[in-house]
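A.B. asks:
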Amino acid sequence: MLSGPVLLTAVLMGLATAPARFLPFLVGHRLTRPTLRRLFTDLFPPAVLAVLIVFFFWNVGTAPRPVQAAQAAGALVTIAAHLGLRNLLVSVGTGTAVCILVQNLWPG
Amino acid sequence: MIDTVQGFPPSPWRHAFRLSIPILMGYVPIGMAFGVLWVQQGLEPSGAPLLAVIVYAGASQFMAAAMLAAGQSPVEIALATLVLNARHAIYGLAFLERFPKWSVAKGYFAFALTDETYALLAASPPSDDPGRDRAILWRVAFLNQTYWVAGCAIGAVAGSLMPGGVSGLDFALTALFIVLLLEQVRAAEKARAALVATAVALAGVLVLGTTNTLLPILAAALAVVAVVRRRAGTC
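What follows is the structure, encoded as structure tokens:
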């Protein structure tokens, strides 16, 4: 059974996320020129990915040593696997497997 | 990449599932971590999957657990959510041309466009058939939310019995971002955009840190990418 505050919080949070999620689809056609749309579809995705990756790895810097080593090893294996085989699932799978192994088998 | 049976492409569900597997590997353990945290804060277990269904925003959900436990009001939490999720406004614009008309599928897709779903789908080449493309887009979004809800529910039910799950499994999301970026930067113009964004992000986190700074740093990075492109004379 949910308490009132939790239910109210869930509803208000859902409403608070709605503008950011729906406004681009509601008014985006009117606000963006084709050149701007190309910016959003071609150049912003790699830029967003780059920013997210910086945030991920920056936060790893404050993590315990085994986590740092595991994430570094996982990243290197992911990159190597993808440069070699160029298969998304293989690259993500091997990189993650190495990360799990290093993190869980780290001595001490 | 796409397997075919007797010359036919796989069904949209099958195609969407294959695309979403890396998200499955990341969302379930992170969702479980949220569910465990939620219960450990003394909150009702059913609240964890409820937030996953209604809110479906990982960072905001973790924040809500901490704020609720600290006794902050629902309105305060909603305002913080509004600020934290403002970055989603950027994501929708990338899919305007792939969803030209309103439909239930488009409405759901707009709701379910998280960081990870955006990263996966914006970097994936669209299908030649627009109808099939839309069918795959909303199915990927739906499957991703299903993984997230399942993870949150499992974590909330398991509670303190499964405090950590398999540590390191959530690296799948980082690996996914790395692979998607590698695919993107094969084109010189996109590589330049990624390099510029990386430089801005590094400068931003050096100066501001990473606590509640994703939105301003992301906005700054995209603004600089736009300016650099304009100065290069291609826009």
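Residue numbers (the working numbering), protein chains in the order written: chain A, 1 to 108; chain B, 1 to 235.
Ideal Cβ positions, reconstructed from N, Cα and C, are used throughout, including at glycine.
1. Quick one: list the residues of chain B neighbouring Val-6(A), beta-carbon separation under 8 Å, in chain order.
2. In the structure shown, what three-state DSSP assignment does Asn-144(B) receive?
3. By the criterion of Cβ-Cβ separation under 8 Å, what are the contact partners of Ala-155(B) in chain A?
4. Quick check: Thr-94(A) and Leu-169(B), are their CB atoms within less than 9 Å of each other?
5. From the DSSP output, in three-state form, read off Glu-116(B) for me.
6. Along chain A, which residues have their Cβ under 8 Å away from the Cβ of Ile-54(B)?
7. Taking C-alpha atoms, which residue in Ala-223(B), Thr-213(B), Ala-226(B), Leu-222(B) lies nearest to Phe-56(A)?
8. Between the stretch 64 to 98 of chain A and chain B, which residues of the former have a C-beta closer than 7 Å to a C-beta of the latter?
9. With 16 other CB atoms within 10 Å as the buried threshold, where does Lys-101(B) fall?
10. With a threshold of 8 Å (Cβ to nearest heavy atom), would Pro-45(B) be considered close to the ligand SAM?
11. Compile a chain-ordered list of the residues in the stretch 26 to 46 of chain A whose CB is closer than 9 Å to at least one CB of chain B.
12. How many angstroms separate the CA atom of Gln-184(B) from the CA atom of Ala-64(B)?
13. Looking at the structure shown, is Tyr-56(B) part of a helix, part of a strand, or coil, going by DSSP?
14. Alpha carbons only, please: which of Ala-70(A), Pro-107(A), His-82(A), Phe-22(A) is nearest the one belonging to Arg-237(B)?
15. According to DSSP, is Leu-43(A) helix, strand or coil?
16. With distance defined between alpha-carbon atoms, name the residue in Met-25(B), Leu-50(B), Phe-62(B) nearest to Gln-41(B).
17. At a Cβ threshold of 9 Å, is Pro-107(A) touching chain B?
18. Give the residues of chain A in contact with Leu-176(B), contact being defined as C-beta atoms less than 7 Å apart.
C.D. replies: Checking against the coordinates, here is how it stands:
1. Position 6 of the first sequence, counted from the start, is the residue given in the question as residue 6(A). In chain order: Leu-43, Glu-44, Gly-47, Leu-50, Leu-68.
2. By 1-based counting over the second sequence, the position of residue 144(B) is 144. Three-state result, Asn-144(B): helix.
3. For the purposes of this step, residue 155(B) is identified with residue 155 of the second sequence, where counting begins at 1. Residue identity check: residue 155(B) is Gly in the sequence provided, not Ala. Per Cβ cutoff of 8 Å: no residues; Gly-155(B) is ~16 Å from chain A at best.
4. Taking the first residue of the first sequence as 1, we reach residue 94(A) at position 94. Taking the first residue of the second sequence as 1, we reach residue 169(B) at position 169. No; because the gap between Cβ atoms is not below 9 Å, this pair is not in contact.
5. As a first step, residue 116(B) must be located in the second sequence, where it is residue number 116. Three-state result, Glu-116(B): helix.
6. What you label residue 54(B) is simply residue 54 of the second sequence in a count that begins at 1. Per Cβ cutoff of 8 Å: Ala-10, Val-11, Met-13, Gly-14.
7. Indexing the first sequence from 1 puts residue 56(A) at position 56. With distances taken between Cα atoms, Phe-56(A) lies closest to Thr-213(B).
8. Ala-70, Gln-71, Gly-74, Ala-75, Thr-78, Ile-79, His-82, Leu-88, Leu-89, Ser-91, Val-92, Gly-95, Thr-96
9. Here the question's residue 101(B) lines up with position 101 in the second sequence. Exposed is the call here.
10. Of ligands this structure carries none, so the ligand SAM is not represented either.
11. Leu-26, Gly-28, His-29, Leu-31, Thr-32, Thr-35, Leu-36, Arg-37, Arg-38, Leu-39, Phe-40, Thr-41, Asp-42, Leu-43, Phe-44, Pro-45, Pro-46
12. Taking the second sequence and counting its residues from 1, one reaches residue 184(B) at position 184. Taking the second sequence and counting its residues from 1, one reaches residue 64(B) at position 64. The alpha-carbon atoms of Gln-184(B) and Ala-64(B) are separated by roughly 34 Å.
13. Working through the second sequence from its first residue, we reach residue 56(B) at position 56. Of the three classes helix, strand and coil, the one that applies to Tyr-56(B) here is coil, per DSSP.
14. Missing from the structure shown is residue 237(B); chain B here goes from 1 to 235 and no further.
15. Within the first sequence, residue 43(A) is the residue found at index 43, counting from 1. Of the three classes helix, strand and coil, the one that applies to Leu-43(A) here is helix, per DSSP.
16. For the purposes of this step, residue 41(B) is taken as the residue at position 41 of the second sequence. Gln-41(B) has its Cα closest to that of Phe-62(B), out of Met-25(B), Leu-50(B), Phe-62(B).
17. The count along the first sequence starts at 1 and reaches residue 107(A) at position 107. For Pro-107(A), the answer is no, since every Cβ of chain B falls outside 9 Å of its Cβ.
18. As a position in the second sequence, residue 176(B) is number 176, starting the count at 1. Chain A residues near Leu-176(B): Val-92.
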